[in-house]
Amino acid sequence: MIQKQLESFIDDYLTSNDFELSNWSVSINIREGFGDYSSNVALILSKKIGKNPMEIAEALVAYHNKNEKLFSVSATKPGFVNFNISTHYYLDIMNNILNEGTDFGKPTKHDRSANVEFVSSNPTGPLTAGHGRNTILGDMVSSILSWHGYNVTREYYYNNAGKQMRMLAESSYAKYAKKIGKDVTPPENGYVGEYLDDIADEIIRKFGKDLDSNSEQFRTFTEEKIFDSIKNTLKNLRIEFDLFSQEQTFYDNGAVDNVLKELEKLSLLYKKDGATWFKTSSLGKKEDRVLVKSTGEPTYRLPDIAYHIDKVDRGFDLIVDIFGADHIDAYPDVLLGLEALGKKIDHIKVIVHQFVTLKKDNEVVKMSTRKGNFITLDDLIDQLGVDVVRYFFIMRGANSHLDFDFDLAKDESEKNPVYYLQYAHARISNLIVRYNNDIKEKTDLDLSLLVEKDEILLIKKLSTFPKKMDEIYESLEPRKLATYLEEVAASYHKFYGNHKVINLDNIPLSYARKNLCNATQIILKTGLSILGITAPEKM
RNA sequence: GCCCCGGUAGCUCAGCUGGAUAGAGCAACGGAUUUCUAAUCCGUAGGUCACAGGUUCAAAUCCUGUCCGGGGUACCA
Numbered sequence: 000m001i002q003k004q005l006e007s008f009i010d011d012y013l014t015s016n017d018f019e020l021s022n023w024s025v026s027i028n029i030r031e032g033f034g035d036y037s038s039n040v041a042l043i044l045s046k047k048i049g050k051n052p053m054e055i056a057e058a059l060v061a062y063h064n065k066n067e068k069l070f071s072v073s074a075t076k077p078g079f080v081n082f083n084i085s086t087h088y089y090l091d092i093m094n095n096i097l098n099e100g101t102d103f104g105k106p107t108k109h110d111r112s113a114n115v116e117f118v119s120s121n122p123t124g125p126l127t128a129g130h131g132r133n134t135i136l137g138d139m140v141s142s143i144l145s146w147h148g149y150n151v152t153r154e155y156y157y158n159n160a161g162k163q164m165r166m167l168a169e170s171s172y173a174k175y176a177k178k179i180g181k182d183v184t185p186p187e188n189g190y191v192g193e194y195l196d197d198i199a200d201e202i203i204r205k206f207g208k209d210l211d212s213n214s215e216q217f218r219t220f221t222e223e224k225i226f227d228s229i230k231n232t233l234k235n236l237r238i239e240f241d242l243f244s245q246e247q248t249f250y251d252n253g254a255v256d257n258v259l260k261e262l263e264k265l266s267l268l269y270k271k272d273g274a275t276w277f278k279t280s281s282l283g284k285k286e287d288r289v290l291v292k293s294t295g296e297p298t299y300r301l302p303d304i305a306y307h308i309d310k311v312d313r314g315f316d317l318i319v320d321i322f323g324a325d326h327i328d329a330y331p332d333v334l335l336g337l338e339a340l341g342k343k344i345d346h347i348k349v350i351v352h353q354f355v356t357l358k359k360d361n362e363v364v365k366m367s368t369r370k371g372n373f374i375t376l377d378d379l380i381d382q383l384g385v386d387v388v389r390y391f392f393i394m395r396g397a398n399s400h401l402d403f404d405f406d407l408a409k410d411e412s413e414k415n416p417v418y419y420l421q422y423a424h425a426r427i428s429n430l431i432v433r434y435n436n437d438i439k440e441k442t443d444l445d446l447s448l449l450v451e452k453d454e455i456l457l458i459k460k461l462s463t464f465p466k467k468m469d470e471i472y473e474s475l476e477p478r479k480l481a482t483y484l485e486e487v488a489a490s491y492h493k494f495y496g497n498h499k500v501i502n503l504d505n506i507p508l509s510y511a512r513k514n515l516c517n518a519t520q521i522i523l524k525t526g527l528s529i530l531g532i533t534a535p536e537k538m
């Protein structure tokens, strides 16, 4: 990569003068006028050696070997060192894009494994708009890792054995009872959503009207139905999980008890008020936390520790947890637990996202599965389409709150930037068809014919794709990919608007431009596929 | 109580591992279509980057404090 070469140029200069300096950088310039790349090295060195930064910058210019044609060096005002990169370099990269296609920029390493846990919603109701963020984010993070050569396990962890599920069964029975004319008071704080009415109808159809209140069906059938609906929603969103794991497993195989035993051995547990406390205060936290309630029931931290031990033991190179803000307090305790038990945790990345706020009729609605007060993800897909929904949830950074105004959603969807990207792709598809129709004549590809400003800017934008993907891998922020693709599309639309590709009077130029379109299409297609969004041929 | 996030253009937000004139979309206004898809392009207008200190050659970006807004959490998960 060019940036590395610029860095080593500066490095050479520094070592040849016996200067030791580390915190300087070379960065790409977005604005015009200061070259393609710049470095602050002179500004930083000036302090250390007490020399005017401008002089140092000039010294670097002098140090540059004029036979080096790849880049030129110049110095400007306060003491920036600016680099101009030869267009040949960019044209070479464009050639690579054309040759490598959708593999362009992809790391060749394939020997790493990753586990991404997301959604992890208990089967108490359908997936709602509120779940959308976690769901989409997790899927895109998984794709980003896949692209970077990881063998990714998408994992959905849930609990179908706890109090909430008992509550669900009771609620399901209450609906059933009501339908068959029995007078049963629904459980306090039970589930009241309409989806349970449909399930009650099905239970009546399938099992008749004589079921007893503690009949198994109210738990198993209800859960099955809800899980079917969740899986169907995931399918609608083009998401496929590799593994569904259950909390219950870790009770059954003794892992939970084992955690307690081991922590006990380390003297990290104590009893108080009938509960078992985890001495997190001795591990650097302000307060201790309860692992087993006085009722004998564990808090969710405990099985979570057992579950994470299992994940660590499965030997992944990278473990990613996608959590909502409600876990912000708890996951550090889980990690502390792991660490205390001698497990490696530095390969666990936790992505915490803020919640989605739903607005309806200009009022904020607190979504609650229990109260049946929600808009489902399926509703959103019906209204907006999968592409828009997927894009929508990553348009904001994960740790910004996301306001969702349902009344405006449809309206906004028409202005959704996803169409801007897709339109660029469709435009290119159409153009290539036209080109093949209009121009039959063969000619050699001469990319150096591309000299217009719009062409060069587009090529430069395309060339940064691998670097951008590295950044996205480091941060695991799909939004950055979306932003980049919007820039590519904008750059393309501009080029398209100002220059005609098909020109029968200049076949070589037409051919070069058509190849620029091809290269752009490759980048758009690659990016969109990572985001799980379609790249349409026509719009 | 403890914790998290945010405050940047009229609106929604980028930029935040410090860099040279603070960006985009929407909305507003004015243009471009005999021409490869106008879901596009070009232009105009719009800003004390909440406030106050501090660190630095350099702060929207880092630190401290204040104010405002949103959210989470407690032996429910």
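Numbering follows numbering that gives the first Met the number 0, with no gaps: position 415 of the first sequence is 414.
Note that the Cβ used here is the ideal one computed from N, Cα and C, for glycine as well.
*What are the boundary residues of the beta strand (DSSP E) that includes ILE321?*
317-323
*Under 8 Å by Cβ, that's how I've got ILE455 and CYS516 pegged, so tell me the actual separation to the nearest angstrom.*
About 15 Å; that fails the 8 Å criterion.
*asked:* Closer than 8 Å is the cut-off here; do at least three beta carbon pairs connect the segment 111-122 with the segment 50-66?
replied: no
*Exposure label - MET0; buried when at least 16 CB within 10 Å*: exposed
*How close, in whole Å, do the beta carbons of LYS587 and GLN382 come, if the pair is a contact with beta carbons under 8 Å?*
Look at the range of the chain in this structure, 0 to 538, and you will see that residue 587 is not part of it.
_beta strand (DSSP E) segment containing ALA274, residue limits_ = 274-277
*Identify which residue in THR184, LEU126, GLU201 has its Cα closest to the Cα of ASP377.*
LEU126
_Let's test the definition: count the other Cβ atoms within 10 Å of the Cβ of LEU444 and tell me whether it reaches 16, buried, or not, exposed._
exposed
*Could you tell me how far apart the beta carbons of GLY27 and SER462 are, in whole angstroms, since I believe they sit closer than 8 Å?*
For clarity, residue 27 is Ile in the given sequence; the question names Gly instead. The pair is not a contact, with the Cβ atoms about 10 Å apart (cut-off 8 Å).
*On a CA-only basis, which of GLU470, LEU449, ILE143, LYS342 is nearest LYS499? Give me that one, please.*
LEU449
*If you follow the alpha helix (DSSP H) that VAL388 is part of, which residue opens it and which one closes it?*
385-393
_Contact under 8 Å by Cβ, LEU282 with LEU268_ = no
*Whose CA, out of TYR62, PRO106, ASP35, VAL140, lies closest to the CA of TYR89?*
ASP35
*So, is THR184 buried or exposed, given that buried needs 16 or more other C-beta atoms within 10 angstroms?*
exposed
*Taking DSSP as the reference, what is the three-state secondary structure of PHE70?*
strand
_Three-state secondary structure assigned by DSSP to ASN51_ = coil
*Do HIS352 and VAL333 come within 8 Å of each other at the CB atom, strictly closer than that value?*
no
_Reduced DSSP secondary structure (H/G/I, E/B, other) of PHE79_ = strand
*Under 8 Å between the Cβ atoms of ALA168 and THR123?*
no
*For SER266, the three-state DSSP class (helix, strand or coil)*: coil
*Quick one: is VAL255 buried, meaning 16 or more other Cβ sit within 10 Å of its Cβ, or exposed?*
buried
*So what does DSSP say about ASN235, is it helix, strand or coil?*
helix
_DSSP three-state label for THR152, please._
strand
*Quick one: what does DSSP say THR368 is sitting in, helix, strand or coil?*
coil
*Which of helix, strand or coil DSSP assigns to ILE344*: coil
*Simplified DSSP assignment, three categories, for ASN514*: helix
*Under 8 Å between the Cβ atoms of MET468 and GLY104?*
yes
*Give the straight-line distance between the Cα atoms of ASP211 and GLN245, rounded to the nearest whole angstrom.*
27 Å
_Where ASP404 sits in the DSSP three-state scheme_ = strand
*What is the DSSP secondary structure of ALA168, counted as helix, strand or coil?*
helix
*Which partner residues does PHE243 have in the DSSP bridge list?*
TYR155
_Chain-order list of residues whose beta-carbon lies under 6 Å from that of HIS420 (same chain, five-residue window excluded)_ = What sits at residue 420 in the sequence shown is Leu, not His. Around LEU420: LEU484, ALA488.
_For a test of the three-state rule: what should DSSP assign to ASN114, helix, strand or coil?_
strand
*Output yes or no for whether 8 Å exceeds the beta carbon distance between LEU20 and LEU42.*
no
_Going by beta-carbon coordinates alone, are ILE350 and ILE321 separated by less than 8 Å?_
yes
*DSSP puts SER26 in a beta bridge; with which residues?*
SER37
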